[in-house]
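S.K.:
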Amino acid sequence: MQFSEFQLLVVLAQELNMRKASEKLFVSQPALSQRLHSIEKTWDTQIFLRSQKGLTLTPAGEKIVNYAMEVVRNEEKVREEINKLDQEIHGTLKIAVATIIGQHWLPSVLKKFVNTYPHAKISLITGWSSDILKSLYEDSVHIGIIRGNPEWKGVKKHLLSDTLYLVDTEINKIEQVLETERPFIQFKSDSTYYQEIQNWWHRQFQTTPKRTIVVDQIETCKQMVLHGIGYAILPSVTLDGDSNMYRIPLLDENDRPITRDTWLLGYESAFQLKQVQAFIDIIKNSKQ
């Protein structure tokens, strides 16, 4: 039986009158009678007794109509759930994020996303910006958040710019760098960030650091500075709430602060997904 036939039986059982039922179903009485006859033939039993007073359900008809009512109720329930799916955000949001952003900027944004869309799932990987681009090219993530300013032919949204600072617990003037014996602590990073720092250093000092310590993570670098081991160059996004360090902004050749951009990238098709659209909305609201 088709779903419309279940609906027909339900209306007939409610009205118990061919004329009223035909008006409610927007069909003629002869057409309604013919369809009922076809349904009874399918079940191989009489569902309604006809008389001048109207219709009466047979014992078999009661069972068939109860079944029809259950089918109609379930159909309505499923439609409600489908409509609810359209209103709620489901599915998995797949993100690849530069490690610095994943550690410092992203958590508060993800917290709002999780609280606002509890039915959505998150798949998150972190790494260098070159790793993020690779994940995007391989189409293994929906969106990538990277540092620097790469060439990208898809959707590209600017998220933030943060200033680069020379930070230390002792040095409070840039010229003191040449006087100190304490080491310059560096963290491993992608080539564009490293080159930017090298360019500034040679323009500023025309020499190399006296001593250096290289660590694998930016957070390790920051903790070593906080413990007074040496000085480092860190982006402002990593320095929120750290008041125990002097911060000296790095300046370019025009005496303007050197900044580092963060971008959100993805293909147009990914931005059509509801979970991605919802994440973008959370970011926009966070900026306000």
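Residue numbers (the working numbering): 553 to 840. Virtual Cβ for every residue (Gly too), placed ideally from N, Cα, C. Values in this document were obtained by computation on a predicted structure and should not be read as measured data.
1. Given His671, which residues of its chain have a CB within under 8 Å of its CB, disregarding the five upstream and five downstream residues?
2. Have a look at Leu712 and Arg625 and give me their C-alpha separation to the nearest angstrom.
3. Return the CA-CA distance between Asp742 and Ile697, expressed in angstroms with no decimal places.
4. In the DSSP assignment, what residue or residues form a beta bridge with Gly818?
5. Quick test of the definition: if touching needs 3 or more C-beta pairs under 8 Å, does the segment 670 to 684 touch the segment 606 to 623?
6. Drop a sphere of 10 angstroms on the beta-carbon of Gly613, count the other beta-carbons inside from all chains shown, and report buried for 16 or more, exposed for fewer.
7. Using the Cβ count rule (16 or more neighbours within 10 Å means buried), how would you classify Leu730?
8. Taking Tyr798 as part of the beta strand (DSSP E), name the residues at either end of that continuous run.
9. Could you please give me the residues that DSSP links to Gln738 through a beta bridge?
10. How is Tyr669 classed by DSSP in three states: helix, strand or coil?
11. What is the C-beta distance between Gly654 and Thr678, in whole angstroms, given that I count them as a contact (C-beta under 8 Å)?
12. Flag this pair as yes or no: are the beta carbons of Ile854 and Leu817 separated by less than 8 Å?
13. Skipping 5 residues on each side, what residues in its chain have a beta carbon closer than 8 Å to that of Leu786?
14. To the nearest angstrom, report how far apart Tyr669 and Ser838 are at their CA atoms.
15. By alpha-carbon positions, which one of Gln598, Trp680, Phe823, Tyr819 ends up nearest to Tyr746?
16. Within the continuous beta strand (DSSP E) that includes Thr644, where are the two ends?
17. Would Phe736 and Gly782 be called neighbours here (beta carbons separated by less than 8 Å)?
18. Alpha carbon to alpha carbon, how far is His779 from Arg755? Give it in angstroms, no decimals.
19. Less than 6 Å between C-beta atoms, sequence neighbours within five positions excluded: which residues of the same chain meet that for Lys709?
20. Which word fits Leu601, buried or exposed, when buried means at least 16 other C-beta atoms lie within 10 angstroms of its C-beta?
21. Which residues mark the beginning and the end of the beta strand (DSSP E) in which Ile785 is found?
22. Please classify Arg571: is it buried, with 16 or more other beta-carbons within 10 angstroms of its beta-carbon, or exposed?
23. Hey, could you find the ends of the beta strand (DSSP E) Thr608 is sitting in?
M.R.: Taking the structure as given:
1. Counting from one through the sequence shown, the residue named residue 671 turns up at place 119. So the qualifying residues of the chain are Glu640, Ile641, His642.
2. To locate residue 712, count along the sequence shown from 1; it is residue 160. To locate residue 625, count along the sequence shown from 1; it is residue 73. Those two C-alpha atoms are separated by around 51 Å.
3. Locating residue 742 in the sequence shown gives position 190, where the first residue counts as 1. Locating residue 697 in the sequence shown gives position 145, where the first residue counts as 1. Rounded to the nearest angstrom, the two C-alpha atoms are 14 Å apart.
4. Position 266 of the sequence shown, counted from the start, is the residue given in the question as residue 818. Answer by DSSP bridge pairing, in chain order: Ile695, Val707.
5. no
6. Sequence index remark: in the sequence shown, residue 613 carries index 61 (1-based). It is buried - the Cβ of Gly613 has at least 16 other Cβ atoms within 10 Å.
7. In the sequence shown, residue 730 corresponds to position 178, counting from 1. Leu730 should be labelled exposed.
8. For this step, residue 798 is matched to residue 246 along the sequence shown. Note, Tyr798: beta strand (DSSP E), 798 to 801.
9. Along the sequence shown, one-based indexing puts residue 738 at 186. Paired residue(s): Val766.
10. As a position in the sequence shown, residue 669 is number 117, starting the count at 1. Note: Tyr669 maps to coil in three-state DSSP.
11. As a working mapping, residue 654 is identified with position 102 in the sequence shown. As a working mapping, residue 678 is identified with position 126 in the sequence shown. Correct: roughly 4 Å between the Cβ atoms.
12. It is not possible to answer for residue 854, since the shown part of the chain is limited to 553 through 840.
13. For the purposes of this step, residue 786 is identified with residue 234 of the sequence shown, where counting begins at 1. Only Leu716, Tyr717, Val719, Ile770, Cys773, Lys774, Val777 meet the Cβ criterion.
14. Counted from its first residue, the sequence shown places residue 669 at position 117. Counted from its first residue, the sequence shown places residue 838 at position 286. Cα-Cα distance, rounded: 15 Å.
15. Locating residue 746 in the sequence shown gives position 194, where the first residue counts as 1. Tyr746 has its Cα closest to that of Trp680, out of Gln598, Trp680, Phe823, Tyr819.
16. The count along the sequence shown starts at 1 and reaches residue 644 at position 92. First-last of the beta strand (DSSP E) with Thr644: 644 to 650.
17. Mapped onto the sequence shown, residue 736 falls at position 184. Mapped onto the sequence shown, residue 782 falls at position 230. Yes, Cβ-Cβ distance for Phe736 and Gly782 is below 8 Å.
18. Start at 1 with the first residue of the sequence shown, and residue 755 comes out as number 203. Start at 1 with the first residue of the sequence shown, and residue 779 comes out as number 227. Spanning the two alpha carbons is a distance of roughly 28 Å.
19. By one-based count along the sequence shown, residue 709 stands at place 157. The residues are Leu816.
20. One-based indexing of the sequence shown puts residue 601 at position 49. Under this definition Leu601 is an exposed residue.
21. As a first step, residue 785 must be located in the sequence shown, where it is residue number 233. Per DSSP, Ile785 belongs to the beta strand (DSSP E) from 783 to 787.
22. For the purposes of this step, residue 571 is taken as residue 19 along the sequence shown, with counting starting at 1. Classification of Arg571: exposed, given that the 10 Å Cβ count is below 16.
23. Here residue 608 refers to the residue found at position 56 of the sequence shown. Taken as a continuous stretch (DSSP letters only), the beta strand (DSSP E) holding Thr608 covers 606 to 609.
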